[in-house]
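Sequential numbering from 2 applies to the sequence shown in our numbering. Beta carbons are placed, not taken as given, at the ideal position from N, Cα and C, and that holds for glycine. Inspection log for the structure reproduced underneath, given as structure tokens.
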Amino acid sequence: MGELFGLNGNLVVLAILALIVVLFIFVIILSVKLSSLRKRYTQMMNGTRSDNMEQLLIDMQEAINGQKAESAMTSAQVDTIRQSLTKMKSKVAIHRYNAFNDGGSNLSFTIAILDDFQDGVVLTGIHSREQMYLYAKPIQNGQSTYTLSPEEKEAINQSVKPS
2 MGELFGLNGN LVVLAILALI VVLFIFVIIL SVKLSSLRKR YTQMMNGTRS DNMEQLLIDM
62 QEAINGQKAE SAMTSAQVDT IRQSLTKMKS KVAIHRYNAF NDGGSNLSFT IAILDDFQDG
122 VVLTGIHSRE QMYLYAKPIQ NGQSTYTLSP EEKEAINQSV KPS
């Protein structure tokens, strides 16, 4: 029985030594992985102090706030430009016609130059064989204080039609 116990005792010691060796290898592997993780963490923090990440977040927040302010300023500028564009005389139409029925071609014309509010001017050129007459009439809200001819009204209507 003593021999049996002695044999079992050696096996138990060998098993314990094998377990210690396996655990030692396991500790070495974990140590290598931990070292690699520390190195990556240090690179992420951009140094060894933890306030670098905090500073990075503060800098990012300041940059975002700066972009918000710039965006608001740009939006205000776009609104100003839009308002200016509505006052530009960009609605232009020309109506050509024969002012006299006694012959000739469509050499007479009316040009309407208006903005989005139908404010602007109408220019009318009447061509005859001997002379050319040019008239200008101010326009506000599509109307004039001067009497408008049918051709001038047509030019105004053409200029305000959507393209």
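Short Cβ contact (8 angstroms threshold) for A113 with A70: no
Where does R97 sit, in a helix, a strand or coil, going by DSSP? R97 falls in the strand class under three-state DSSP.
Is it buried or exposed for I65, if we count other Cβ within 10 angstroms and need 16 for buried? exposed
Can you grab the Cα-Cα spacing for the pair Q44 / V23, in whole Å? For Q44 and V23, the gap between their C-alpha atoms comes out near 32 angstroms.
Among residues of its own chain, excluding the 5 on either side of T49, which ones have a beta-carbon nearer than 8 angstroms to its beta-carbon? Residue confidence for T49 is low, a pLDDT of 46 falling below 50, so the modelled location carries little weight; the figure read from the coordinates is stated next. Closer than 8 angstroms at Cβ, skipping near neighbours: T43.
Simplified DSSP state of Y147, which is helix, strand or coil: coil
Which residues in the same chain have their Cβ closer than 8 angstroms to the Cβ of T87, if we skip the five residues on either side of it in sequence? D116, D117 and F118
Note the first and the last residue of the continuous beta strand (DSSP E) segment covering K109. In the sequence as displayed, the identity of residue 109 is Ser instead of Lys. From DSSP, the beta strand (DSSP E) with S109 extends over S109 to L115.
Using the three-state DSSP reduction, which class does Q78 fall into: helix, strand or coil? Correct three-state label for Q78: helix.
To the nearest angstrom, how far is the alpha carbon of A94 from that of Q132? 24 angstroms
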